[in-house]
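Here is the structure we will look at.
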Amino acid sequence: MTVTIIRDCTIFDGHDVLDGRSVVVEGERIVDLPDNGASVSADQVIEGNGRMLMPGLIDAHYHAYTPSYDFYGIDRMPVPLLTSHAAKLLTGALQRGFTTVRDAAGADIGLWLSLEEGLIEGPRLFYSGKAITQTGGHGDMRRRDYIEPCGCAYSGALTQTVDGVDEMRRAVREEFRKGAHQIKVFISGGVSTANAPLWMPHFSSEELRCAVEEAEKRRSYVMAHCHTDHGAKQCLEVGIRSIEHGSEVHEHTAQRIAEAGVFVVPTLSAGHNIATYGSELGLPASALVKVKEVQESALKSLETNVRAGVKLGLGADLHGHRFHERQAMELVLRAEVQPPIDVLRSATSINGELVQMKGELGVVAEGAYADLILVDGDPLADLSMLLEPQENMPLVMKGGRVIRNTL
Ligand SMILES: [Zn+2]
């Protein structure tokens with residue numbers, strides 16, 4: 484096995500900073516973090532020259548299959564075209580230093596195999612299959628004025644409608660059959676589709692409990708699109724492990740979330756982008772009204788969650804090529820509320836735990852996968868340097884393989 488040493492680094496290991504260390508990589512994993520003085524024989528030596536070495540970033544709310552905000556158009560797009568868009572987005576993510584992404588709607592076994600077989604150069608992918616919504620829920624991508632001739636359930640490129648406990652059980656089992664890593668459900672309205680108002684609860688607790696029960700049989704978990712405090716309480720009630728967005732969580736609920744060890748994945752850039760560019764994105768008029776509500780509460784909710792000590796993951800929730808290029812904006816926006824080191828912990832070790840790879844992804848540690856980035860400058864002082872990876876990120880490594888080295 485090839486042994487690589489990255490010498491003389493300041494290491495942010497996903498938790499804390501270690502000075503004057505090197506990293507030894509054997510095959511796809513890290514085997515040692517010796518002091519600079521130690522002599523190690525290696526096939527390949529990379530000089531860090533004191534730069535900061537970090538775990539590759541993890542985006543825990545990613546969308547490989549949304550090249551734009553035109554969800555109706557995506558459903559009608561030829562699959563090879565949609566896949567080609569996904570390939571471009573994923574390759575871009577890896578080049579930006581995101582070595583792992585967790586997809587929240589649509590990514591599937593085909594895309595995963597393309598990555599595994601090296602047909603697409605991209606991050607590790609944790610996929611949910613088609614996200615599950617109720618008829619008329621946020622993820623029901625049919626236009627309201629479209630009359631379904633057969634009255635059938637809906638199944639599109641990203642999502643599917645499911646109603647009742649039995650259908651839920653079948654849908655969840657079906658996604659796991661096709662290799663899903665986790666299950667995604669919608670349990671409140673959302674901003675970018677017109678079907679459901681933000682405040683609207685989705686699904687009965689029986690339906691959601693069934694999804695959680697089936698996921699647990701697979702030693703997996705459910706992630707839930709959820710803006711409201713009511714929804715967050717329902718997540719706690721039914722055992723959902725990952726609350727996506729969580730933009731209206733109140734103090735008492737935040738404390739309960741923290742006690743339960745449930746994760747919240749705020750997605751600030753999604754709101755930021757819709758609020759800034761909404762009218763040119765062709766979103767329904769309702770989206771521009773809803774996004775104001777979400778924007779006002781999202782930062783407050785984040786502060787509440789931080790105060791309560793909630794485990795906060797990090798996810799950008801981007802749709803459209805132009806926004807993916809600024810994937811690291813999520814970290815910059817988070818730093819409005821949290822110190823940069825906490826934001827980086829969310830994007831690395833906490834997200835690693837969220838994708839059930841604690842100690843293996845999102846950390847620089849013995850035994851972990853060698854998913855690593857080397858950065859010029861100090862992200863602990865200013866995270867905006869991550870917005871310019873071509874200039875400030877001379878090395879990207881995934882599973883011990885050099886993806887980019889401009890040193
Ligand atoms: Zn999303």
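Note that this note's numbering gives residue 871 to position 388 of the sequence shown, counting from 1, and the numbers run on in steps of one.
Where a beta carbon is used, it is the ideal one built from N, C-alpha and C, also for glycine.
Check                                                                                                                   : Outcome
His807 Cβ short of 7 Å to ligand 1 heavy atom set                                                                       : no
From Val826, Glu871 and Val846, residue whose alpha carbon lies closest to that of Glu808                               : Glu871
Any chain C beta carbon closer than 8 Å to Lys613                                                                       : Protein chain content of the structure displayed is limited to a single chain, and chain C is not contained in it.
Residues bridged to Val747 [DSSP beta-bridge criterion]                                                                 : Ile726 and Leu795
Integer-rounded CB distance, given that Ser611 should sit under 8 Å from Ile666                                         : 6 Å
Environment of Asp496 [buried if 16+ CB atoms lie within 10 Å]                                                          : buried
Neighbourhood of Arg534 by C-beta distance below 8 Å, restricted to the same chain and skipping five residues each side : Cys492, Thr493, Leu857, Val858, Asp859 and Pro877
Proximity test, Asp496 beta-carbon vs ligand 1 heavy atom, cut-off 7 Å                                                  : no
From His735, Ala781, Asn875 and Phe686, residue whose alpha carbon lies closest to that of Val674                       : Ala781
Spatial neighbours of Phe746 in its chain, beta-carbon cut-off 6 Å, leaving aside the 5 residues before and after       : Ser725, Lys794, Gly796 and Leu837
Close Cβ partners of Gly531 (< 7 Å) along its chain, the five nearest in sequence each way excluded                     : Ile489, Arg490, Asp491, Cys492 and Leu857
Ligand 1 heavy atom lying under 7 Å from the CB of Asp800                                                               : yes
Opposing strand residues paired with Asn678 [DSSP bridges]                                                              : For Asn678, which the question treats as bridged, DSSP gives no partner whatsoever.
For Arg790: DSSP bridge partner residues                                                                                : In the DSSP output, where bridge partners are listed per residue, Arg790 has none listed.
Among Ser730, Val772 and Asp591, nearest to Thr676 - alpha-carbon criterion                                             : Val772
Straight-line gap, Gly882 to Thr487 (C-alpha atoms, nearest Å)                                                          : 12 Å
Three-state secondary structure (DSSP) of Val523                                                                        : coil
Heavy atom of ligand 1 within 7 Å of Leu707 beta-carbon                                                                 : Rather than Leu, the amino acid found at residue 707 in this sequence is Ala. False, no ligand heavy atom lies under 7 Å from that Cβ.
Extent of the continuous alpha helix (DSSP H) run through His804                                                        : His804 to His807
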